[in-house]
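Q:
Residue numbers (this note's numbering), protein chains in the order written: chain A, 4 to 111; chain B, 2 to 487; chain C, 447 to 942.
#1: For residue 270 of chain B, I'd like the list of residues in its chain whose CB is within less than 6 Å of its CB, leaving aside the five on either flank, ordered along the chain.
#2: Whole-angstrom Cβ separation of residue 545 of chain C and residue 533 of chain C, contact assumed at under 8 Å?
#3: In chain order, which beta strand (DSSP E) runs of at least 3 residues are fully inside the segment 684-740 of chain C?
#4: Buried or exposed: where does residue 531 of chain C fall if 16 or more other Cβ atoms within 10 Å of its Cβ makes it buried?
#5: What are the boundary residues of the alpha helix (DSSP H) that residue 321 of chain B is part of?
#6: Mind listing, in chain order, the continuous alpha helix (DSSP H) runs of no fewer than 4 residues lying wholly within the segment 586-625 of chain C?
#7: Which residues, in chain order, does the segment 481-498 of chain C contribute to contact with chain B at a C-beta distance below 8 Å?
#8: Return the chain-ordered list of same chain residues with a C-beta closer than 8 Å to the C-beta of residue 301 of chain B, the five sequence neighbours on each side being excluded.
#9: Is the CB of residue 312 of chain B under 8 Å away from at least one CB in chain A?
#10: Work out the CA separation of residue 77 of chain A and residue 80 of chain B for me, nearest whole Å.
#11: Can residue 471 of chain C and residue 607 of chain C be called in contact, C-beta distance under 8 Å?
#12: If you draw a straight line from the C-alpha of residue 41 of chain B to the C-alpha of residue 148 of chain B, how long is it?
#13: Near residue 339 of chain B, which residues of its chain fall below 6 Å by C-beta distance, leaving aside the five closest residues on each side in sequence?
#14: Residue 859 of chain C CB to nearest chain A CB: under 8 Å?
#15: Could you spell out the range, first to last residue, of the alpha helix (DSSP H) harbouring residue 22 of chain A?
#16: Could you please give me the residues that DSSP links to residue 111 of chain B through a beta bridge?
#17: Got a sec: which bits of the segment 78-92 of chain B sit with their beta carbon under 7 Å from any beta carbon on chain A, in order along the chain?
#18: Between residue 166 of chain B and chain C, is the shortest Cβ-Cβ distance under 8 Å, so that the two count as touching?
#19: Checking contacts by CB at 8 Å: is residue 56 of chain B closer than that to chain C?
#20: Can you name the start and end residues of the beta strand (DSSP E) that residue 746 of chain C belongs to?
#21: Against chain B, does residue 109 of chain A count as a neighbour if the rule is that its beta carbon must be under 8 Å from one of theirs?
#22: Beta carbons nearer than 7 Å to chain B: which residues of the segment 736-770 of chain C have them?
#23: Got a sec? Which residues, its chain only, sit under 7 Å from residue 335 of chain B by beta carbon, not counting five neighbours each side?
#24: Grouping DSSP H, G and I as helix and E and B as strand, with all else coil, what is residue 869 of chain C?
#25: Between which two residues does the beta strand (DSSP E) containing residue 634 of chain C stretch?
#26: What does residue 49 of chain A touch in chain C if you count any residue whose Cβ is under 7 Å from its own?
#27: Starting from residue 257 of chain B, follow its DSSP beta bridges and name the residues at the other end.
#28: From residue 837 of chain C to residue 906 of chain C, what distance separates their C-alpha atoms?
#29: Of all the options B:451, B:174 and B:406, which has the alpha carbon lying nearest to the alpha carbon of residue 360 of chain B?
#30: Have a look at the DSSP bridge pairing and note the partners of residue 560 of chain C.
#31: Identify the contact partners of residue 149 of chain B in chain A, using a Cβ-Cβ distance below 9 Å as the criterion.
#32: Name the residue from B:57, B:14 and B:446 whose alpha carbon lies nearest to the alpha carbon of residue 205 of chain B.
#33: Rounded to the nearest angstrom, how far is the Cβ of residue 131 of chain B from that of residue 159 of chain B, given a contact under 8 Å?
#34: Given this structure, state the Cα-to-Cα distance separating residue 450 of chain B from residue 319 of chain B, to the nearest angstrom.
#35: Can you find the residues in the same chain that come closer than 7 Å, C-beta to C-beta, to residue 87 of chain B, ignoring five residues on each side of it along the sequence?
Printed below as a string of structure tokens:
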């Protein structure tokens, strides 16, 4: 604290590791090359270090903004308005079996 | 109830129920929410998660959630929030499920249950709204799995109980009571086999008297109430076995295997999900409009508790009858229709609980969430009871008439007339028949008079035979007694 | 040249009947053919459909039915906006062949207004970028200098307008993506108030920040397009149900009354240094122009400005990481060859997403993940509130806020790609406006020594589009920056 230039704030150690990157990549379902893993480790670390400045702000009693326009959720009436059109919806499917999407075997 | 082998441990059970709601359309789009359509016929770009698509909330889902909250004595949140629950799975088309996390629509309610005559209150932690996922089909294609999004976006209520239950039977009672409430509210048809009413259980054990909770295990894949009770029973005993052998329990999800009758650990490598909940930016907060809750309250149907109380207090039924009859709304409605046709509530109760429900089971109608076609119409059953009460037929003959009603669909009076089953209540013919029987059975009369009381039944039987079964039993009994000088 | 006309001027000639929509459309298509091999603004040119739409408008007009000022006007649409039956890629390999079976609401509104959609224009992949260098398919160049970036993410939209390939274009703006490229290419671009224009059918990047807006040659044209786009959409739950005023009237007021009586705030945090000197000089000169026009220009403070970039780069990637989860190779889009389901997800997304998109997905997933939510996401949401309050306080005493667009004019291609963080920091003047959900317009206010355009941003309070348009038109009427063209174009030659 002493000699920190009058500012009572010590940045916590934000150190992103390759293991962190691998964990996040799995959560995000991204296959990364070793080069990408290395680059992201450095980049994310530097970005997060910068973002740590947000912790300098006192936000006690400040309401978070989740929605910037002040509307309440509008309602829809409970009416069926959509007609079946499986073909249009399956037209972009990478793999299909008749009217079903085909994916690799799902093992629980 | 207490035949679980738990040794020095006690059990803690909490249940999570997902109920599909009976709205016409889905929660966030205008597709049909009804069950059973051919694959991907009830889909649109929104519920298939196409780029740029956005959700818009179905008002009726909120109405149904408020109904459920009021019926379970919850606090209804004036403002609640939508959150995204993020994970990857083929039946989850956006890669996130829209649900409620921090501020659910209902909190802190309860459901009162009765198990073996003992009343218990099971508290509810919360009720919230969310969207259902699509369905993965594993055996339709040899090269992979198939995905149908008809169910994607169907509205669900998630109902979470506090870990207030101790025995599998309590879990069963809770589920039956909760299902009954949802059916009464007409918001869910409660069909576990079809998946419109699903249950996951959380169980743990702890040393008797301890107040901290043990390691919690979640059980999934239970497709009937009995499966729930068996799975919980198995799991509790398993946990105790592990601990007694000095092992440690892992907080995990296990699947109930109904063939092997055991729970097993899920194979998936992803140990714990990190759902990364955050407020859904596409849906502003849900603000309950003024008067909405009052309106829903006013339109609530009579709930099982209240109906049960009314059957006891106003109709004079015993508690047991009232409970059986109100367990399902359609049964209760049928019973009341019979009483409306002819006001003998106890007789109606006996017939419904006995013959009617037996037939329903035999004809396998009891799997249906609501039985619209009862084997015998309420009006006819009421009329039959009226005939008994009016002395036209005896209770025994009535059984015969009932079978005929079932076979032909005819009204009881017509059947009685057609088959000449009107009971004989004239004393004359009965006296004549009795005199004849007694005269023909002198030795037996003597035996009776010297103490062989059992022979009374023999005489009754003979009189009945002689009168083709139509003699009024009460009269037969009285006159026989007089003549035998008992 | 027909393509030099403004929408207002072309509409007048179309109305009079001495110009047909088909002629106008052909001129635009010819212009695209002549210039796009150098500029690369377009990913898909819909020539046949455009000519058919134009012919339909002409036929309608003959029966006396006039749909309004946009009828028959060739417009380009950013490729994150869905166009039914026309490839919509978000400039990403993961959607390279995606053909939506639906129009975005804004597309539908353009069609209903009789506009002619000439094609889909390039952008940064999934709208993530400030230079349009992140597109998977093409590198769009700034028509003023082909070695420089047009800005991003709506770089194709900006270039198409600047190069006179289209009379206007639709862009989207999440952290400056309409306003920044408008400033870099010397055109007018506007981001409306959040909720003013529907997001239905717009491929989402950061849902609480994204807005669709018009990009055009001058303020009048910009207002004409905004008029067609604005309004409540029941299919977008964040769309605000509020009447749409007459934006043309606001523009007219700017020309008639100029800046008289306008209270203008200059936030000191936006002039803190590190700006290219000519940029600062041009913006200060603009402030002086307003003063001469009768405005009251005052110094003001938006104290939380320095936290805006950090705040944005927590919130936007977080929302993006969730919005982009649907691109998984299951129902549409790129599916990579794979061994099992997990492999399918990981390989398809790895093959389909470019480096910047992956970076933001990773960043977003990280800040939402278990243990970090409070420190980053929740914190950033609170800082967002502080930034909003800053603006509320300033708007208590000012009608509009005037700022620079970027610290520099358009930079050279490749100059800033080495350090993502540096690229992010150049969004500083843009980003707060998205965080606060405010309307903002950019108009040209100068050129630097290299001849590159300098832009001026005018920001208004929520639903203050009218005062913003009025101030913008007032500035335009008092200056002639909006009449400048990219050099080769002024000579009528295609750029080399």
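Glycine included, each C-beta is placed from N, C-alpha and C at the ideal position.
A: Working from what's here:
#1: Any reading at residue 270 of chain B must be qualified, since the residue scores a pLDDT of 47, below 50, and its modelled position is unreliable; no value is offered.
#2: 6 Å
#3: Unbroken beta strand (DSSP E) stretches of 3 residues or longer found wholly inside the segment 684-740 of chain C: 709-713, given in chain order.
#4: With fewer than 16 Cβ atoms within 10 Å of its Cβ, residue 531 of chain C is classed as exposed.
#5: Annotation: the continuous alpha helix (DSSP H) that includes residue 321 of chain B extends over 320-327.
#6: 601-608
#7: none
#8: Result list for residue 301 of chain B: 68, 71, 72 and 186, in chain order.
#9: By this cut-off, residue 312 of chain B is not an interface position.
#10: About 13 Å.
#11: no
#12: Cα to Cα, residue 41 of chain B sits roughly 9 Å from residue 148 of chain B.
#13: Within the same chain, residue 339 of chain B has close Cβ partners 349, 379, 382 and 383.
#14: no
#15: That run of the alpha helix (DSSP H) goes 21-30.
#16: B:124
#17: 89 and 91
#18: no
#19: Yes, residue 56 of chain B counts as interfacial toward chain C.
#20: 742-746
#21: yes
#22: Sequence-ordered contacts of the segment 736-770 of chain C with chain B read 764, 765 and 768 [C-beta pairs closer than 7 Å].
#23: Same-chain partners within the cutoff: 353, 375 and 379.
#24: helix
#25: Where residue 634 of chain C is concerned, the enclosing beta strand (DSSP E) stretches over 634-637.
#26: 867
#27: DSSP, once it has assigned bridges, lists B:264 as partnering residue 257 of chain B.
#28: 9 Å
#29: B:406
#30: In the DSSP output, where bridge partners are listed per residue, residue 560 of chain C has none listed.
#31: The contacting residues are 102, 103 and 104.
#32: Of B:57, B:14 and B:446, the residue nearest in Cα terms is B:14.
#33: 6 Å
#34: A straight-line Cα-Cα distance of about 40 Å links residue 450 of chain B and residue 319 of chain B.
#35: 96, 97, 276 and 277
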